[in-house]
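Numbering (our numbering), first residue to last: 4 to 192. Scroll down for the structure; my scribbles are underneath it.
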């Protein structure tokens, strides 16, 4: 343990009591909203750092939250996968005792190569800026016909989607949960 400039000690790892999994900075975890909550409303986050907590005599973790597509201002689209997450710029401090389990957040390319995704496997292809409700990267090349895609949304809000993994001539982004049989955007096979 190294000491930081606030007298707190940096913690290298924390063991989740229930699972025995060891969590380190950079790992992704499922977190209960509070220690008193049940196991239902879990949120996912990446652990940025951990240090001793004077108030609770435990370990406090600085976490960076993942958002599910439906939790963003833009909502879910047909190309969002069931296990898709967006890494946000929102950082909070949580007790490490609220960690429920470790999870793995892959890139889209890594996730697509999995033969069988496990319950703890997720993927992330964008970062989400909460205050401005924008995504990173936000300036990407745009190709194809977007008329079916822009209904009810501004071009600037959705242009970032189009440089992702594409699977059709209409440039609809790739959804790893949907086998390419018929594109929902242009109805091409």
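Glycine included, each C-beta is placed from N, C-alpha and C at the ideal position.
Counted within 10 angstroms of its Cβ, other Cβ atoms place residue 27 as buried (16 or more) or exposed: Position 24 of the chain shown, counted from the first residue, corresponds to residue 27. That one is exposed.
Would you mind working out which of 35, 31, 130, 12 sits nearest residue 92, comparing C-alpha positions? Within the chain shown, numbered from 1, the residue matching residue 92 stands at position 89. The residue with the shortest Cα to Cα distance from residue 92 is 130.
Note down, in chain order, each residue of its chain lying with its Cβ closer than 6 Å to the Cβ of residue 136, except the 5 sequence neighbours on either side. The residue given as residue 136 occupies position 133 in the chain shown. Within the same chain, residue 136 has close Cβ partners 76.
From residue 17 to residue 68, what distance separates their C-alpha atoms? For the purposes of this step, residue 17 is taken as residue 14 along the chain shown, with counting starting at 1. For the purposes of this step, residue 68 is taken as residue 65 along the chain shown, with counting starting at 1. Using only the alpha carbons, I get a separation of about 18 Å.
Cβ of residue 103 within 8 Å of Cβ of residue 33? One-based indexing of the chain shown puts residue 103 at position 100. One-based indexing of the chain shown puts residue 33 at position 30. Closer than 8 Å, so yes.
I need the straight-line Cα distance from residue 12 to residue 55, nearest angstrom please. Within the chain shown, the letter at position 9 stands for residue 12. Within the chain shown, the letter at position 52 stands for residue 55. Rounded to whole angstroms, residue 12 to residue 55 spans 5 Å at the Cα level.
If we count the other Cβ atoms within 10 Å of its Cβ and call it buried at 16 or more, is residue 36 buried or exposed? Here residue 36 is taken as the residue at index 33 of the chain shown, counted from 1. Exposed, since its Cβ has fewer than 16 Cβ neighbours within 10 Å.
Check whether residue 180 and residue 85 have beta carbons under 8 Å apart: Numbered from its first residue, the chain shown carries residue 180 at position 177. Numbered from its first residue, the chain shown carries residue 85 at position 82. In this structure, residue 85 lies closer than 8 Å to residue 180 by Cβ.
Looking only at C-alpha atoms, which of 23, 124, 95 sits nearest to residue 63? Position 60 of the chain shown, counted from the first residue, corresponds to residue 63. Closest by alpha carbon: 95.
Going by C-alpha to C-alpha distance, which of 108, 112, 128 sits closest to residue 122? One-based indexing of the chain shown puts residue 122 at position 119. Nearest option by C-alpha distance: 108.
Give, in chain order, every unbroken run of the beta strand (DSSP E) that is at least 3 residues long and sits entirely within the region 101-131. 102-109
Burial state of residue 20, where buried means 16 or more other Cβ atoms lie within 10 Å: Sequence index remark: in the chain shown, residue 20 carries index 17 (1-based). Flag for residue 20 reads exposed.
Buried or exposed: which applies to residue 79, given that a residue is buried once 16 or more other Cβ atoms fall within 10 Å of its Cβ? Here residue 79 corresponds to residue number 76 of the chain shown, with the count starting at 1. Under this definition residue 79 is an exposed residue.
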